[in-house]
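Numbering (the working numbering), first residue to last: 2 to 617. The beta carbon of each residue, even a glycine, is placed where N, CA and C say it ideally should be.
Laid out in structure tokens, this is it:
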């Protein structure tokens with residue numbers, strides 16, 4: 002039961018001890034070489050200047066190797082991060098493992114829930130109610146805690162004699178009060194919240210949504226404590242506890258659904274009763290998972306020497322924080338309007354549409370969580386420090402590196418997911434013979450929306466860049482544009498699609514809005530920072546896109562071939578065989594073509610793999 006964490010790692014990891022690999026980085030031709038700004042060694046990648054080579058246009062007929070040498074003016078190489086400070090790629094690698102485990106266990110309990118209660122009204126009602134605490138937490142304080150608070154805490158640590166401890170105590174006191182009051186008000190208003198999210202139709206059950214909401218809304222408070230403690234740890238460059246805490250959450254929920262599966266009977270729909278044992282087990286067990294997610298991070302915070310105590314009063318930086326927070330709250334509130342529009346369209350047209358949409362969105366977030374979120378989390382303190390120093394070139398370097406590494410890893414995944422949408426869904430969801438139809442629908446919805454994985458990662462990276470620049474206003478304006486497009490397209494879907502096709506439109510609209518956000522964010526970032534190294538990014542994007550399209554077609558061909566060899570209707574067994582064959586063919590072709598096309602960003606991934614093999 003993870004919150005959507007806007008989350009991954011780059012394609013490469015920290016090199017092994019005793020090695021000093023380098024990765025060529027090209028500057029745009031318009032950017033002359035500049036001396037590296039003096040600074041203390043930090044964890045992660047350090048941009049070190051080599052002997053400058055003037056950037057000149059390649060001559061006609063120049064080989065690709067010569068063209069690379071012409072453009073190369075710097076290298077990225079690892080430096081000692083200092084005691085107790087893991088390098089960026091080492092930290093992101095650890096978080097990637099934790100995030101992958103979290104996504105897998107989170108998906109597992111969702112899969113278990115579908116097997117126990119199906120894709121119908123019960124699953125829809127639970128998913129809508131389970132959306133409420135996430136929405137309200139983000140609206141109250143969550144978006145601020147996960148975005149704006151880390152840069153503010155970094156500045157406090159650098160400027161305060163006590164390392165910002167007093168400020169953090171004041172912030173935690175204020176946050177606890179806001180969360181407690183917000184949770185109480187949300188529980189009182191649960192019936193009204195249900196009306197806002199759920200259309201009154203035969204495809205929905207408002208009473209069941211409200212009953213689940215009473216049990217799940219207390220999560221708001223514990224989500225807040227978890228996020229605030231996680232933000233404090235991240236500001237101290239301690240990443241593992243916040244990354245692994247959701248895994249504990251998921252394990253508790255898996256145990257809960259296991260108990261639910263052993264209970265006789267089903268959740269009553271008419272009438273709905275708060276004393277229904279199945280209802281109580283599912284609601285209380287899922288909320289208990291969030292409680293555990295918060296509690297398991299507290300020992301790590303205590304180990305840092307931080308003293309948890311109530312501290313009332315006001316600090317001038319809370320005013321700065323408040324100004325940033327108002328824009329962030331606007332950002333979250335606007336984004337929730339898009340979610341409400343999608344929810345109402347889904348619940349008004351077909352049973353199971355919202356659950357199917359939720360499962361598709363979770364599958365799309367899996368590659369992003371492994372590749373995008375972890376690197377973004379690790380890079381935010383570095384980016385904030387660079388922005389605080391006024392060194393915009395370092396900010397651009399971090400943004401460019403993150404975008405390119407995301408491209409060479411996420412775009413191939415997107416292509417394979419498009420080709421394998423139906424086999425993947427059959428393999429995972431067709432656990433019963435009567436679930437093949439719903440699994441096929443889910444797979445088609447995944448296929449038509451998988452193109453949004455990379456734009457989502459790029460958009461989130463842009464948002465964090467603005468946050469690092471102490472700018473919460475621009476992300477809010479970008480979200481206004483995205484949400485306006487999402488709402489307009491979602492509302493128009495019933496006029497152009499049949500009810501059983503609505504879920505395809507919803508997933509497509511959700512992915513398409515991230516393309517809009519990426520393009521708008523690119524324009525505003527360029528206006529703020531100047532050239533963003535787009536030439537190299539577009540070159541990497543073009544090469545990766547060619548390889549991904551070709552590999553995706555071969556992957557789809559292998560799926561068709563397997564289907565032709567196996568008689569009878571497709572089921573879980575056929576899905577797994579198609580998935581295994583298609584994955585091997587697709588990724589093999591894509592990364593082989595990328596190697597032929599000399600996509601330079603593959604080198605960090607290959608270097609890390611070689612290092613792991615040597616270690617073993």
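Cβ-Cβ separation, residue j to residue i (assumed contact under 8 Å), whole Å
| i | j | result |
| --- | --- | --- |
| residue 488 | residue 342 | 5 Å |
| residue 364 | residue 447 | 6 Å |
| residue 362 | residue 511 | 7 Å |
| residue 216 | residue 276 | Not quite, the Cβ-Cβ distance comes to about 12 Å (not below 8 Å), so this is no contact. |
| residue 455 | residue 580 | In fact, because the Cβ distance is near 21 Å, the residues do not count as touching under 8 Å. |
| residue 420 | residue 553 | 5 Å |
Collapsed DSSP secondary structure at residue i in the structure displayed
| i | result |
| --- | --- |
| residue 119 | coil |
| residue 398 | helix |
| residue 307 | coil |
| residue 472 | coil |
| residue 240 | coil |
| residue 218 | coil |
| residue 177 | helix |
| residue 567 | coil |
| residue 534 | coil |
| residue 553 | helix |
| residue 490 | helix |
| residue 461 | helix |
| residue 499 | coil |
| residue 139 | helix |
| residue 48 | A caution first: residue 48 carries a pLDDT of 30, below 50, which makes its placement in the model too unreliable to give a value. |
| residue 110 | helix |
| residue 208 | helix |
| residue 313 | coil |
| residue 262 | helix |
| residue 546 | helix |
| residue 558 | helix |
| residue 38 | Its pLDDT being 37, under 50, residue 38 is placed unreliably in this model, and the value from its coordinates should be taken loosely. If DSSP states are grouped into helix, strand and coil, residue 38 belongs with coil. |
| residue 431 | coil |
| residue 125 | helix |
| residue 200 | coil |
| residue 600 | coil |
| residue 482 | helix |
| residue 418 | helix |
Own chain residues within Cβ distance below 7 Å of residue i, not counting five before or after
| i | result |
| --- | --- |
| residue 527 | 533 |
| residue 184 | 218, 219, 221 and 222 |
| residue 602 | 12, 405, 406, 409 and 541 |
| residue 544 | 595, 598 and 600 |
| residue 173 | 229 |
| residue 40 | Confidence in residue 40 is poor, its pLDDT being 36 and thus under 50, which makes the residue's placement too unreliable to answer from. |
| residue 352 | 121, 122, 125 and 204 |
| residue 557 | 420 |
| residue 368 | 411, 414 and 454 |
Contacting residues, own chain, Cβ-Cβ under 8 Å from residue i (five flanking each side not counted)
| i | result |
| --- | --- |
| residue 210 | 126, 129, 130, 195, 198 and 199 |
| residue 357 | 120, 439, 442, 443, 446 and 504 |
| residue 201 | 207 |
Same chain, Cβ closer than 6 Å to residue i, neighbours up to 5 away in sequence not counted
| i | result |
| --- | --- |
| residue 505 | 446 and 449 |
| residue 597 | none |
| residue 514 | 483, 486 and 487 |
| residue 480 | 332, 335 and 336 |
| residue 476 | 332, 464 and 467 |
| residue 400 | 466 |
Opening and closing residue of the alpha helix (DSSP H) in which residue i lies
| i | result |
| --- | --- |
| residue 592 | 573-597 |
| residue 352 | Note, residue 352: premise wrong, no alpha helix (DSSP H); not H, not E. |
| residue 296 | 278-296 |
| residue 524 | 503-530 |
| residue 371 | Taken as a continuous stretch (DSSP letters only), residue 371 belongs to no alpha helix (DSSP H), as it is neither H nor E. |
| residue 438 | 437-450 |
Option in the options with minimal Cα separation from residue i
| i | options | result |
| --- | --- | --- |
| residue 360 | 507, 478 and 490 | 507 |
| residue 517 | 547, 502 and 461 | 461 |
| residue 110 | 429, 310, 292 and 170 | 429 |
| residue 207 | 538, 402 and 349 | 349 |
| residue 303 | 474, 112, 170 and 570 | 170 |
| residue 239 | 548, 301, 584 and 551 | 301 |
| residue 107 | 231, 237 and 258 | 258 |
| residue 340 | 490, 367, 388 and 255 | 490 |
| residue 547 | 591, 585 and 575 | 591 |
| residue 660 | 501, 574, 519 and 551 | For the chain, the structure presents residues 2 to 617; residue 660 sits outside this window and is missing. |
| residue 115 | 261, 245 and 212 | 261 |
heavy atom of the ligand MG below 7 Å from residue i C-beta
| i | result |
| --- | --- |
| residue 587 | No copy of the ligand MG occurs in the structure displayed, which carries no ligand at all. |
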